[in-house]
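A.B. asks: Dumping the structure here so I can ask a few things about it.
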Amino acid sequence: AVCNSNPTPCKDPADKLFTVHGLWPSNWTGPQPQNCTNTTVNSLTIKLLKAQLEIIWPNVLNRADHVLFWRKQWAKHGTCGSPAIRDDMHYFQTVIKMYITQKQNISKILSKAKIEPEGRSRKVVDIENAIRNGNNNTKPKLKCQNNNNGA
1 AVCNSNPTPC
11 KDPADKLFTV
21 HGLWPSNWTG
31 PQPQNCTNTT
41 VNSLTIKLLK
51 AQLEIIWPNV
61 LNRADHVLFW
71 RKQWAKHGTC
81 GSPAIRDDMH
91 YFQTVIKMYI
101 TQKQNISKIL
111 SKAKIEPEGR
121 SRKVVDIENA
131 IRNGNNNTKP
141 KLKCQNNNNG
151 A
């Protein structure tokens, strides 16, 4: 979706895998918080988690620079997760845990429902139902984007 809706084309073909787009704290009222503190990502955090993050949370617009992408995600969104998110390590570990161990691996859930990232349109209700069936009947929050580039 990012590759199809972004004015900057993706540098490599899309993976045949649904990946994480982000982990963003939200407010019940008002806009989503952003850039809440000036803390930066510890280099050790990236070193320890890089292999997993490259698979589940790649920078699809520039696969040569995942680290800058993750640093921006932390600065913009992760810093606003307190008190639920303690620090950068906890932020990235939470993404990994949600994707791998808490049955929130959307690729696996959608694949079971025969919904694959193959470039064709799907009904929102089919995607919602597949995610609900694979995630304790929890309704997902989906954001659809129109693809205006004719693809």
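Residues in the sequence shown are numbered from 1 upward in steps of one, following UniProt numbering.
Heads up, the beta-carbon is just placed ideally off N, CA and C, and yes, glycines get one too.
1) Decide yes or no for the touch test of the segment 72 to 87 against the segment 24 to 40: beta carbon pairs closer than 8 Å, at least 3 of them.
2) Assess, as a yes-or-no matter, whether the segment 39 to 58 is touched by the segment 66 to 73 under the definition of 3 or more beta carbon pairs within less than 8 Å.
3) Does the structure place the segment 130 to 137 close enough to the segment 83 to 90 that three or more beta carbon pairs sit under 8 Å?
4) Nearest CA to the CA of Ser107: which residue from Thr19, Leu142 and Trp24?
5) Under the assumption that Thr94 contacts Leu49 (Cβ atoms under 8 Å), give the Cβ distance between them as a whole number of angstroms.
6) Which residues in the same chain have their Cβ closer than 6 Å to the Cβ of Asn149, if we skip the five residues on either side of it in sequence?
7) What ranges does the alpha helix (DSSP H) occupy inside the segment 66 to 91, keeping only unbroken runs of at least 4 residues that lie completely in it?
8) How long is the line joining the alpha carbons of Thr8 and Ser121, rounded to whole angstroms?
9) Is it right to say Asn137 is buried, meaning 16 or more other beta carbons lie within 10 angstroms of its own, or is it exposed?
10) Between Leu110 and Glu128, which are expected to be in contact by the criterion C-beta below 8 Å, what is the C-beta distance as a whole number of angstroms?
C.D. replies: The short version:
1) yes
2) yes
3) no
4) Thr19
5) Contact doesn't hold; Cβ gap of about 11 Å is too wide.
6) Summary for Asn149: the model assigns pLDDT 49, below 50, so the residue's position carries little reliability, and this model does not support an answer.
7) 66 to 76
8) 21 Å
9) exposed
10) With 8 Å as the limit, Leu110 and Glu128 do not qualify as a contact, their Cβ atoms being about 11 Å apart.
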